[in-house]
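S.K.: In the UniProt record's numbering, the protein residues as written are 1 to 610. Note that the Cβ used here is the ideal one computed from N, Cα and C, for glycine as well. Can you keep this structure in mind? I'll have questions shortly.
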């Protein structure tokens, strides 16, 4: 028993000693780990310099290998020199210092080349973006822009600067890749910004090669405003039925994880492929989202409403077009007519496809047609025909002004309906005035009737009849216009809402509107911001009321953005570039959202040959 106790005591003392020793070793190791070694200038004679990191590392200037800070010991460094660079052992100190100088010089050169390549890459993307925005061929960068920049630099600066510019990669394929990358990035940004609710604008057109191109724009709520951007441009393969268009849009939504439930409205024209009740685009969309709303393009409706014309005015319009084409479509006739106008001292020397210009040059046109034996010359002797031409020139000018006011970005159904409603009210005034033989609302007609001996009764019947048809056409394409004004007055301006209009709203809306009207801070916000920004601000405090207002402001009112992109498409895809894949070029050209250059440059190798 005594021997057992002795062994146990000995083991216990041994374990305590071991624990004490281990504690000292661990403590010592921890202290050593926190201690960093410093670089000594004598290490150059062993082929080592140090890095600028903290703690410093030993860097071999023969092979570029880095050793840990713990290895910064003469024995370790000497062993590395002996085992890997034995041919340099024992050489003079001047040799090692010269090799160190050469190593530092090469590092500086590499840094300079790397910086130069990075700047050349950035410049390449910047120039490619300019080419895309200008809708020019990709070859223009290498054929014109770069040579011009080199000439300018060599003339204004020096040859060294010109040689530096030559390193910017701007070949045809390089610019094409740059534009594709930026177009993809823009599309990814737009898809990433789509939230729980957005509206869609769709239209299709045929490019110069005969391929149908489907363009989509999207409108969504961003941080503090409503934004609109191009979403995609897809080439239609085969037919352009409503089912085919839906399949293209649905495939894009599926690939980018976009839900049809988030699409609150879509704006298109009224073609059968879009509005068909069974297989049309809208019908297919409503299978994925029954609550989706459809908006008929306001500009398209305005054109259809003003299209109807009486046979008498239609004949005057056709005869006018024939006269203009007789002069303009033949180069010799156009030259002779210009000489005639110059000899007579006319204000204008060119005919345009504008009726007011034809009326202004009616004397010169009559003389020209008479000299060439045209049967249309007699029309310019008929004062009744000229009076109708005057009216057409005046009413077309008013319709053109309305059409131009409906175009543009960042429009909503509210302000476009306001403009159409204002035109309708003016048309009613014109009709009543002309019915009383007061033609002052049509300036050219009024001056002509005042200076010429023309019977106003026949002209009055034609004008009043046309204005009545025009008003009827607008009412058929814009039904319940006055009722819409009243229903949505609270969205247009909450602070000027009359008591009668307020009473037509639900009681819950009236309560919230009274709270908004009593908030002087919101009153100041209304005057200093746009309508969409105001209601986004209201939504933060009154979510339900703000959401109801934004439901009226979010939908597209027209397909203007698609039509504008088709104009850009005609400049980008020409006969000389009929095989171009259009999507990325068009997106980069028309997008108002800039590409994320920092992100793109960080993902691309900065090398002159790329």
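From residue 585 to residue 69, what does the alpha carbon distance come to, in whole angstroms?
M.R.: Taking the straight line from one Cα to the other gives about 53 angstroms.
S.K.: For residue 280 and residue 241, what's the separation of their Cα atoms in angstroms?
M.R.: Computed Cα separation, rounded: 7 angstroms.
S.K.: Whole angstroms are fine: how far does the CA of residue 558 sit from the CA of residue 477?
M.R.: For residue 477 and residue 558, the distance between alpha carbons rounds to 14 angstroms.
S.K.: Report yes if the C-beta distance between residue 562 and residue 266 is below 7 angstroms; otherwise report no.
M.R.: Not a contact, by the Cβ cut-off of 7 angstroms.
S.K.: Kindly indicate which residue of 534, 273 and 414 has the alpha-carbon position closest to the one of residue 487.
M.R.: The candidate whose alpha carbon is nearest that of residue 487 is 414.
S.K.: Which of helix, strand or coil does DSSP assign to residue 30?
M.R.: Residue confidence for residue 30 is low, a pLDDT of 45 falling below 50, so the modelled location carries little weight and cannot support an answer.
S.K.: What's the gap between the Cα of residue 328 and the Cα of residue 212?
M.R.: Near 32 angstroms, if we compare the C-alpha coordinates of residue 212 and residue 328.
S.K.: Less than 7 angstroms between the beta carbons of residue 469 and residue 307, yes or no?
M.R.: The answer is no: Cβ separation not under 7 angstroms.
S.K.: With 16 as the cutoff for other CB atoms within 10 Å, does residue 234 come out buried or exposed?
M.R.: Buried: at least 16 other Cβ atoms inside 10 Å.
S.K.: Give me the Cα-Cα distance between residue 182 and residue 254, rounded to the nearest whole angstrom.
M.R.: Each residue's Cα considered, the two are about 22 angstroms apart.
S.K.: Near residue 139, which residues of its chain fall below 6 angstroms by C-beta distance, leaving aside the five closest residues on each side in sequence?
M.R.: Contacts found: 172.
S.K.: Under 7 angstroms, do residue 463 and residue 441 count as touching if we go by C-beta distance?
M.R.: In this structure, residue 441 does not lie closer than 7 angstroms to residue 463 by Cβ.
S.K.: Tell me residue 226's beta-bridge partners as DSSP assigns them.
M.R.: For residue 226, which the question treats as bridged, DSSP gives the partners 221.
S.K.: Since residue 162 is in the alpha helix (DSSP H), which residue starts that stretch and which ends it?
M.R.: Counting along the chain, the alpha helix (DSSP H) containing residue 162 begins and ends at 159-165.
S.K.: Closest to residue 165 by C-alpha separation, out of 541, 152 and 568, would be which residue?
M.R.: Cα-wise, what sits closest to residue 165 is 152.
S.K.: Secondary structure at residue 52, three-state DSSP: helix, strand or coil?
M.R.: Coil at residue 52, not helix or strand.
S.K.: Let me know if residue 314 comes out buried or exposed under the rule of 16 or more other beta-carbons within 10 Å of its beta-carbon.
M.R.: By the neighbour-count rule (16 or more Cβ atoms within 10 Å), residue 314 is not buried but exposed.
S.K.: Is the stretch 258-272 close to the stretch 283-300, with three or more CB pairs under 8 angstroms?
M.R.: Touching, yes, given that three or more Cβ pairs across the two stretches are closer than 8 angstroms.
S.K.: Can you look up residue 342 in the DSSP assignment and give me helix, strand or coil?
M.R.: Correct three-state label for residue 342: helix.
S.K.: So, helix, strand or coil for residue 287, using DSSP?
M.R.: Looking at residue 287 - three-state DSSP - the assignment turns out to be helix.
S.K.: Apart from the five residues on each side of it in sequence, which residues of its chain come closer than 7 angstroms, Cβ to Cβ, to residue 532?
M.R.: Closer than 7 angstroms at the Cβ level, and outside the excluded window around residue 532, lie 225, 226 and 553.
S.K.: For residue 605, count neighbouring Cβ atoms within 10 angstroms of its own Cβ and tell me buried if that reaches 16, exposed if not.
M.R.: Exposed, since its Cβ has fewer than 16 Cβ neighbours within 10 Å.
S.K.: Rounded to a whole number of angstroms, what is the C-alpha to C-alpha distance between residue 38 and residue 100?
M.R.: Their Cα atoms are separated by approximately 19 angstroms.
S.K.: Answer with buried or exposed for residue 178, where buried requires no fewer than 16 other C-beta atoms within 10 angstroms of its C-beta.
M.R.: It is buried - the Cβ of residue 178 has at least 16 other Cβ atoms within 10 Å.
S.K.: Nearest by alpha-carbon distance to residue 398: which of 379, 206, 423 and 161 is it?
M.R.: Taking only the C-alpha atoms, the option nearest residue 398 is 423.
S.K.: Hey, how far is the Cα of residue 326 from the Cα of residue 333?
M.R.: Going from the Cα of residue 326 to the Cα of residue 333 covers about 8 angstroms.
S.K.: Whole-angstrom Cβ separation of residue 361 and residue 348, contact assumed at under 8 angstroms?
M.R.: The Cβ separation is near 6 angstroms, so the contact holds.
S.K.: Skipping 5 residues on each side, what residues in its chain have a beta carbon closer than 6 angstroms to that of residue 260?
M.R.: So the list reads 288 and 289, once near-sequence residues are dropped.
S.K.: Is the Cβ-Cβ distance between residue 590 and residue 567 less than 7 angstroms?
M.R.: Cβ atoms of residue 590 and residue 567: not closer than 7 angstroms.
S.K.: Can you check which of these residues, 228, 421 and 548, is closest to residue 190 by C-alpha distance?
M.R.: The shortest Cα separation from residue 190 among 228, 421 and 548 belongs to 228.
S.K.: Grouping DSSP H, G and I as helix and E and B as strand, with all else coil, what is residue 193?
M.R.: Helix, per DSSP.
S.K.: Work out the CA separation of residue 597 and residue 194 for me, nearest whole Å.
M.R.: If you take the alpha carbons of residue 194 and residue 597, they lie about 21 angstroms apart.
S.K.: Pull up the distance between the alpha-carbon of residue 206 and that of residue 239, whole angstroms please.
M.R.: So the alpha carbons of these two residues sit roughly 12 angstroms apart.
S.K.: How big is the Cα-Cα spacing for residue 518 and residue 511?
M.R.: Roughly 11 angstroms between the two C-alpha positions.
S.K.: Measure the C-alpha to C-alpha separation of residue 89 and residue 118 and round it to an integer number of angstroms.
M.R.: Rounded to whole angstroms, residue 89 to residue 118 spans 40 angstroms at the Cα level.
S.K.: Would you report the Cα separation of residue 344 and residue 377, rounded to the nearest angstrom?
M.R.: Those two C-alpha atoms are separated by around 18 angstroms.
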